[in-house]
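Numbering-wise, this note's numbering puts 205 at position 205 of the first sequence, and it's gapless, one number per residue.
For reference, the structure is listed below as structure tokens.
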Amino acid sequence: MFDIKLIRDNIDLVRNGLKAKNACANLESILEKDQKRRDLLVELDQLRSQINSANEEISQLIKAKEDPKPKIATMKEISNKISSLEPQAKKIEEELHSLLLMIPNLPHVSVPVGSAQENKVVRTWGKTRVFDFKPKTHIEIAEHLDIIDFKRATKITGSNFILFKKAGARLERALYNFMLDTHTSEHGYTEIFPPVLVNRESMIGTGQLPKMEEDMYRLKDEDLFLIPTAEVPVTNIHRDEILSEEELPIYYTAYTACFRREAGSYGKDTRGLIRVHQFDKVELVKFVKPETSYDELEKLVGNAEKIFQLLDLPYRVLLLATGDLSFAAAKCYDIEAFSPGVDKWLEVSSCSNFEDFQARRANIRFKGKETKKTTPVHTLNGSGIALARAVVAILENYQTKDGEVTIPDVLQPYMGGMKKISK
RNA sequence: GGAGAGGUGGCAGAGUGGUCGAUUGCAACUGCCUGCUAAGCAGUUGACCUGGCAACGGGUCCUCGGGUUCAAAUCCCGACCUCUCCGCCA
1 MFDIKLIRDN IDLVRNGLKA KNACANLESI LEKDQKRRDL LVELDQLRSQ
51 INSANEEISQ LIKAKEDPKP KIATMKEISN KISSLEPQAK KIEEELHSLL
101 LMIPNLPHVS VPVGSAQENK VVRTWGKTRV FDFKPKTHIE IAEHLDIIDF
151 KRATKITGSN FILFKKAGAR LERALYNFML DTHTSEHGYT EIFPPVLVNR
201 ESMIGTGQLP KMEEDMYRLK DEDLFLIPTA EVPVTNIHRD EILSEEELPI
251 YYTAYTACFR REAGSYGKDT RGLIRVHQFD KVELVKFVKP ETSYDELEKL
301 VGNAEKIFQL LDLPYRVLLL ATGDLSFAAA KCYDIEAFSP GVDKWLEVSS
351 CSNFEDFQAR RANIRFKGKE TKKTTPVHTL NGSGIALARA VVAILENYQT
401 KDGEVTIPDV LQPYMGGMKK ISK
């Protein structure tokens, strides 16, 4: 949730931040509503205060066996005034709230200003494979090895769904087990297995709603949503809670299926595994103290990178420019894996610091041990990592001349010792 | 899904129209006492909104939303959740 006080106190900062993010909001109208709301509140509070003291007097009159009728008459009068003001106050409160929910987070100062062209490659890891043959795409490889059945997935559900088979299915399972094991035993994350259906409050809490409802799968009868990422249920674990300072930082990791409608994004990038409506992902979520959140972001990216290093897959890390940042993010690194078959860098992870943006929406705070103050926590999350695209990277990077795929060393134990996928 | 019971502060648990943000117990914190620990004694302990430079005020919150009333934790209606029994089911 956007902090109204920041708009009141520092409107230029907000205006510039929104501009950098290519977002607009009528800040003047928000401030106007805010003023009107506070004026109404002051008036209402005064009336309520009168009611409270009158009420006390009435009870004393009753106790003293005196006639409370005249006092009751004045109370009735005040009470009527209150009932006429209350709906106004409530209405403006709601209007203000929904306006604030539509304002995106502001970018951090360290984020380059501009559109996606301003994204910066921060570092590149590993060597791009050199093949003595023309590398095939993951689609050709998967169909040749009969480990993914695109046609039948379409028959069962619809376009852009996938059906893994045999070693393909096993590879999927091996990958998320390997990732969960790495994050829990080497990076200190606590494993979570959350629901994949969440309610509206949870979706608002992490910022998917109200703005992006059309991108979400929603149940017709229940007002529940299929999660687009485990970020939603996992961040909402601590919604409406006050944590103690000693509990922080909290690190969670979760494997879930993720569901995205990808409305309006049909085009050339949608073949194969690259953009599908359901994919598996291992997510990393952190709740931290504000002063540590940017250090925590660097560590988070490092944890995601580690997966690629262990898999020995070349990747690069991008720092996203302001215009490419998502709604809730203040700063974001993308990890892209190089896939020689499609000859592209594919986004396989996105690691963001949301600062207190989600924490304000979801009402997640912590109490200072010394200060005794309650302050919103900072939340972060990152993919560690997204599976369908990691499979693309593995199939295309580890393909051999005769159409087989070598299994990366770290995955072999998870594949029952299998060293390569053959027909 | 059907029938019944219930949802009060960190927890336990009173309160059934007016002086109730709410008795009390536990837990926690701060003093005192004590060789140490325990016990004991005294006090403190919620969140949110809002006025004010401040000192210091005012308001809201007894699951949530409506209603009755001058006045609601308390009465009425609805939603959600929990428990018990029955049905169904992995």
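Idealized CB from N, CA, C, for every residue including glycine.
Remember, predicted model here, so these are calculated numbers, not experimental data.
Rounded to a whole number of angstroms, what is the C-alpha to C-alpha distance between residue i and residue j?
| i | j | result |
| --- | --- | --- |
| Pro376 | Ala263 | 33 Å |
| Lys373 | Phe357 | 18 Å |
| Leu325 | Glu355 | 14 Å |
| Thr371 | Ala362 | 22 Å |
| Phe327 | Glu336 | 20 Å |
| Leu175 | Pro135 | 23 Å |
| Leu47 | Lys90 | 16 Å |
| Ile103 | Leu197 | 25 Å |
| Ser422 | Leu395 | 12 Å |
| Phe279 | Asp9 | 43 Å |
| Glu77 | Leu27 | 37 Å |
| Arg365 | Ile148 | 45 Å |
| Val276 | Arg260 | 8 Å |
| Tyr294 | Thr406 | 38 Å |
| Phe193 | Val285 | 13 Å |
| Gln412 | Lys166 | 15 Å |
| Ala330 | Asn119 | 14 Å |
| Lys299 | Leu380 | 11 Å |
| Ile82 | Asp34 | 20 Å |
| Val130 | Trp345 | 16 Å |
| Ile62 | Leu85 | 29 Å |
| His191 | Ser98 | A small correction: the amino acid at residue 191 is Glu; His does not occupy that position in the sequence shown. Cα to Cα, the separation comes out at about 34 Å. |
| Asn303 | Asn236 | 22 Å |
| Arg316 | Ile92 | 48 Å |
| Leu297 | Met1 | 21 Å |
| Thr154 | Gly272 | 12 Å |
| Trp125 | Leu318 | 12 Å |
| Thr253 | Leu180 | 7 Å |
| Leu320 | Arg123 | 13 Å |
| Lys420 | Phe133 | 19 Å |
| Ala73 | Asp67 | 12 Å |
For residue i, count neighbouring C-beta atoms within 10 Å of its own C-beta (all shown protein chains included) and say buried if the count is 16 or more, exposed if not.
| i | result |
| --- | --- |
| Met415 | buried |
| Gly188 | exposed |
| His238 | buried |
| Lys220 | exposed |
| Cys24 | exposed |
| Gly382 | buried |
| Pro314 | buried |
| Thr322 | buried |
| Gln60 | exposed |
| Asn80 | exposed |
| Glu186 | exposed |
| His183 | buried |
| Ser53 | exposed |
| Glu305 | buried |
| Glu283 | buried |
| Lys281 | buried |
Tell me which same chain residues have a C-beta within less than 7 Å of the C-beta of residue i, skipping the five on either side of it?
| i | result |
| --- | --- |
| Glu57 | Lys71 |
| Val410 | Phe178, Leu310, Leu311 |
| Pro195 | Pro233 |
| Lys240 | Checking the sequence, you will find Asp at residue 240 rather than Lys. Once the five neighbours on either side are set aside, the close Cβ partners of Asp240 are Asn363. |
| Gln208 | Met216, Pro228, Val232 |
Which residues in the same chain as residue i place their Cβ atom closer than 6 Å to its Cβ, once the five residues preceding and following it in sequence are excluded?
| i | result |
| --- | --- |
| Phe369 | For the sequence presented, residue 369 should be read as Lys rather than Phe. Within the same chain, Lys369 has close Cβ partners Glu245. |
| Val450 | Shown here, the chain extends from 1 to 423; a query on residue 450 therefore has no answer. |
| Val113 | Ala20, Thr322 |
| Thr137 | Gly341, Val342 |
| Ala359 | Pro376, Val377, Thr379 |
| Phe301 | Just to set this straight, residue 301 is Val in the shown sequence, not Phe. Same-chain partners within the cutoff: Tyr333, Cys351. |
| Ala393 | Leu313, Ala337, Ser339 |
Spatial neighbours of residue i within its chain, please: C-beta separation below 8 Å, excluding the five flanking residues on both sides.
| i | result |
| --- | --- |
| Arg152 | Leu163 |
| Leu13 | Leu6, Leu106 |
| Ile11 | Leu27, Leu31 |
| Phe161 | Ala153, Thr154, Val276, His277, Gln278 |
| Gly427 | Residue 427 falls outside the range modelled here, since the chain spans only 1 to 423, and no answer is possible. |
| Ile4 | Ile30, Asp34, Leu96, Leu100 |
*Is the number of C-beta pairs between the region 192 to 208 and the region 224 to 237 that are closer than 8 Å three or more?*
A contact is defined here as three or more CB-CB pairs under 8 Å, and the region 192 to 208 meets this definition with respect to the region 224 to 237.
*Note down, one range per segment and in chain order, each beta strand (DSSP E) of at least 3 residues found wholly within the region 70 to 150.*
For the region 70 to 150, whole beta strand (DSSP E) runs of length 3 or above, ordered along the chain, are 120 to 125.
*Report yes or no: do the region 395 to 406 and the region 138 to 157 share at least 3 C-beta pairs separated by less than 8 Å?*
They touch, by the three-pair rule.
*Segments assigned beta strand (DSSP E), at least 3 residues, entirely inside the region 346 to 389*: Taking only runs of at least 3 residues, the beta strand (DSSP E) segments lying wholly in the region 346 to 389 are 364 to 367, 374 to 376, 378 to 386.
*Can you list, in chain order, the stretches of the beta strand (DSSP E) that have 3 or more residues and sit fully within the region 219 to 281?*
Runs of the beta strand (DSSP E) lying entirely within the region 219 to 281, each at least 3 residues long, are 224 to 226, 241 to 244, 250 to 259 in chain order.
*So does the region 155 to 172 actually touch the region 246 to 260, counting three or more Cβ pairs closer than 8 Å?*
No, the region 155 to 172 is not in contact with the region 246 to 260.
_Going residue by residue through the region 27 to 75, where are the continuous alpha helix (DSSP H) segments of at least 4 residues, counting only ones entirely within it?_
For the alpha helix (DSSP H) assignment, the uninterrupted runs of no fewer than 4 residues enclosed by the region 27 to 75 are, from N- to C-terminal side, 27 to 63.
*May I have a chain-ordered list of the alpha helix (DSSP H) segments no shorter than 4 residues that lie completely inside the region 281 to 348?*
Counting only runs that start and end inside the region 281 to 348, the alpha helix (DSSP H) elements of at least 4 residues fall at 293 to 311.
*Within the region 180 to 213, note down every full alpha helix (DSSP H) run reaching 4 residues or more, in order along the chain.*
Correct list: 200 to 206.
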